[in-house]
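One structure is given here, and the rest of the page talks about it.
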Amino acid sequence: MSDKRTDVSPEQEIEFCTLGMFIIDEIHYQPPTPPVSNIMGGAGTFAALGARLFSPPPLSKRVAWIVDAGSDFPSSMIPIINNWETSVLLRNDSLRLTTRGRNRYDAAQHRDFEYITPKLTIDITDLQHQHAMLLSKSFHLICSPLRCISLVTRLLDARKQINPLAPKPLIVWEPVPDSCIPSELLNLTNCLPYVNICSPNHTELLSLISGPSQVDPNEISFDPTAIEAACDQLLAAMPLQNYAFVVRSGANGVYIAKNGGRSRRPSRRPSPSGRARQRRPANHARGGLTPETDMEALFAGFDAEFDRGPLPIDPGTSLWLPAYYEPDKTQKNTHYSKISEANNGEDLIQTQDVGGIIPEAPTPIEPNTSRNPFSRIVPIFQYPPAQRTRVIDPTGAGNSFLGALAVGLARGLDLEEAICWGCVASSFVVEQVGVPTLSSPDSSGNKMNITIQDGGVEELWNGESVQERLNTYLSRVRDSKTHG
């Protein structure tokens, strides 16, 4: 592979850009399941995929990401990347190896991750000559709090050098698991004003507040009140800042907790779930008004000439939304455990029900092939029978969730609706090991896509329409009677 790169056109409008890495994974399971290799992965890959699922051509060109291909880069991955038709910055370097990672599963299905080739972290300097990417409407970052502050600060400076009037982009931040510990709590709190969305998974959030030793990944019960309390504690640290926590909780759904902020106008759009949004409890910060305050004395001498009318107030949001694929809530003795991957913070919920189905061993992937041997592996969740052939591996689901969420916000959706996009994006990622399949012409030249009214095409991923799946999900959410 020759040393070259495919630059992004400076005139291209970019709505989403991820600074996550492209990683080629190998996965080692417990015997007798053999290991597999050459799996397309990495936080950047899956985040870009999440945004791409809701961006059929020509919108696909508004999704930007970086692929660093070394001398060992599998040629079979090039057609997949090209077929997405994104604004990908593909950098070939024959003097280094592609970033690769090894995932090992123990008997309890806990996963350890390690890099097996030197990693090439993506930085703002990598976008120095990519003005279109620098001016993206939204960014996905996955890093520690201090690195997040550094990246956002330098990103804003770089944007001002290109266009002094460039608006601030939306920042969706995924804290790395290693930083979700109490000693990093102050750094994380200081980082919150720099981002719009902070999205740990539920175990990482609780570990941040209580410490890893206090979080039992094998706890049988899932306690949403603990997640809500942790978010309340963190939101109270910055009561006047407009940011949100989006806590990914695997099969248990997603929790949204958002401060109102000082200047955001209240949304007049109806909730996509059809349910009333919950107002956050009032935060009486030090120095705030109390029932005993003498209002007449407070406003004595106030010059009404400077009264510009009432300020809009957003009370904030707290809400639970379900996962697209939900476990069978009638199952008994089902334990849930969390698996974190140090490179991208994705989480995995593993069924440990002794009555579960034993998976069939897949065929190993040979180097430089794109065959997927996992078409018959059983799901890792204890799902209803109709779903058991659909849920295969949630690796990358969290990243794809955030990619879809970010691009939805960049296109003007409110937070709840953008999160619905994220839930649907994740549903396509969990249906196989690696990335879902985008439809292509068959042997007779007939395209397996659906023509829509505006002359474009509605793509099929894993044989299904993203929009139809979104409609199904929204309908189910509206009809659900879950808490939130």
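So in the UniProt record's numbering, the last one in the sequence shown is 484, and the numbering has no gaps at all.
Beta carbons are placed, not taken as given, at the ideal position from N, Cα and C, and that holds for glycine.
{"Item": "Distance CB(residue 99)-CB(residue 120) smaller than 8 Å", "Value": "yes"}
{"Item": "Residue-level contact to chain C via CB, residue 144, 8 Å cutoff", "Value": "The chain inventory of the structure shown lacks chain C, comprising one protein chain alone."}
{"Item": "First and last residue of the uninterrupted beta strand (DSSP E) at residue 28", "Value": "23-28"}
{"Item": "Those residues which DSSP pairs with residue 255 across a bridge", "Value": "247, 320"}
{"Item": "Contact the segment 84-91 vs the segment 461-481: 3+ CB pairs below 8 Å", "Value": "no"}
{"Item": "Residue 40 - containing beta strand (DSSP E), residue span", "Value": "36-41"}
{"Item": "Residues that DSSP places opposite residue 175 in a beta bridge", "Value": "143"}
{"Item": "As assigned by DSSP and simplified to three states, the class of residue 114", "Value": "strand"}
{"Item": "Inter-residue CB distance, residue 231 and residue 222 (contact presumed, cutoff 8 Å)", "Value": "Contact flag wrong, Cβ pair sits at about 15 Å."}
{"Item": "Reduced DSSP secondary structure (H/G/I, E/B, other) of residue 33", "Value": "coil"}
{"Item": "Residue 403 vs residue 16 beta-carbon contact at 8 Å", "Value": "yes"}
{"Item": "Cβ-based burial, residue 485 [other Cβ within 10 Å; buried from 16]", "Value": "With the chain covering 1 to 484 only, the question about residue 485 has no answer from this structure."}
{"Item": "Local Cβ density within 10 Å of residue 182, reported as buried at 16 or more and exposed below that", "Value": "exposed"}
{"Item": "Every unbroken beta strand (DSSP E) within the segment 39-94, with a cutoff of 3 residues, ordered by chain", "Value": "63-69, 87-92"}
{"Item": "CA nearest to the CA of residue 154, picked from 143, 59, 134", "Value": "134"}
{"Item": "Closest by C-alpha distance to residue 195, when choosing among 474, 258, 210", "Value": "258"}
{"Item": "Rounded C-alpha distance that separates residue 136 from residue 14", "Value": "5 Å"}
{"Item": "Three CB pairs or more closer than 8 Å across the segment 169-180 and the segment 190-205", "Value": "yes"}
{"Item": "Residue 95 burial status per 10 Å Cβ neighbour count (16 or more: buried)", "Value": "exposed"}
{"Item": "Residue 6 versus residue 69 - alpha carbon distance", "Value": "12 Å"}
{"Item": "Same chain, Cβ closer than 7 Å to residue 116, five either side skipped, listed in chain order", "Value": "100, 101, 102"}
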